[in-house]
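J.: I have a structure I would like to understand better, so I am pasting it below and will then ask my questions one at a time.
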C-alpha cells in the first residue's frame, strides 16, 4: 500500500483499489465508493462516506466510527454484545 501511495504521488498515476477493509481504505483513499447489493450507496471522501449512520445502515449492524488518532482518518469498529 505504501508503494502504491508513493507511486501515485511521484508519478501522478491513478490507483483504483477494491477493499473490504474499511480502515485500510480510509487510511489511503482520497475518495471512496460504498456499494450495497451492487448499487452505489455513497461516493466521496472517506470522512463524508464513512459515517456511523451510513455504514451502520449499509452493513446492517452496529458500528462505531471515530477518528484514528495517528492518521486523522475514519476508524471503524464493530459494536458487539461483548463490548457493551
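In the numbering used here, the protein residues as written are 385 to 468. A virtual CB, placed ideally from N, CA and C, is assigned to each residue, including glycine.
(1) Of the residues 450, 409, 419, which one's Cα is nearest the Cα of residue 443?
(2) Which residues in the same chain have their Cβ closer than 8 Å to the Cβ of residue 427, if we skip the five residues on either side of it in sequence?
(3) Give, in chain order, every unbroken run of the alpha helix (DSSP H) that is at least 4 residues long and sits entirely within the region 405–439.
(4) Which residue wins for smallest C-alpha separation from residue 461, given the options 448, 423, 431?
(5) Excluding the 5 residues preceding and the 5 following residue 445 in the sequence, name in chain order all residues of the same chain whose CB lies nearer than 7 Å to its CB.
(6) Have a look at residue 406 and residue 397 and give me their C-alpha separation to the nearest angstrom.
(7) At what residues does the alpha helix (DSSP H) containing residue 363 begin and finish?
(8) On a Cα-Cα basis, can you pick out the residue from 465, 394, 455, 467 that is closest to residue 412?
(9) Which partner residues does residue 461 have in the DSSP bridge list?
T.: Straight from the coordinates:
(1) What you label residue 443 is simply residue 59 of the chain shown in a count that begins at 1. Residue 443 has its Cα closest to that of 419, out of 450, 409, 419.
(2) As a working note, residue 427 is residue 43 in the chain shown. Taken in chain order, the residues that qualify are 415, 416, 417, 418, 433.
(3) For the alpha helix (DSSP H) assignment, the uninterrupted runs of no fewer than 4 residues enclosed by the region 405–439 are, from N- to C-terminal side, 406–412, 430–433.
(4) As a first step, residue 461 is located in the chain shown; it is residue number 77 there, counting from the start. Comparing alpha-carbon positions, the option among 448, 423, 431 lying closest to residue 461 turns out to be 448.
(5) In the chain shown, residue 445 corresponds to position 61, counting from 1. These residues qualify, in order along the chain: 462.
(6) The residue labelled residue 406 in the question sits at position 22 within the chain shown. The residue labelled residue 397 in the question sits at position 13 within the chain shown. Taking the CA atoms as reference points, residue 406 sits about 22 Å from residue 397.
(7) In the structure as shown, the chain begins at 385 and stops at 468. Residue 363 is therefore absent and cannot be evaluated.
(8) Taking the chain shown and counting its residues from 1, the one referred to as residue 412 is at position 28. Looking at 465, 394, 455, 467, the one whose alpha-carbon comes closest to that of residue 412 is 455.
(9) Counting from 1 along the chain shown, the entry for residue 461 is found at position 77. Residue 461 pairs with 448.
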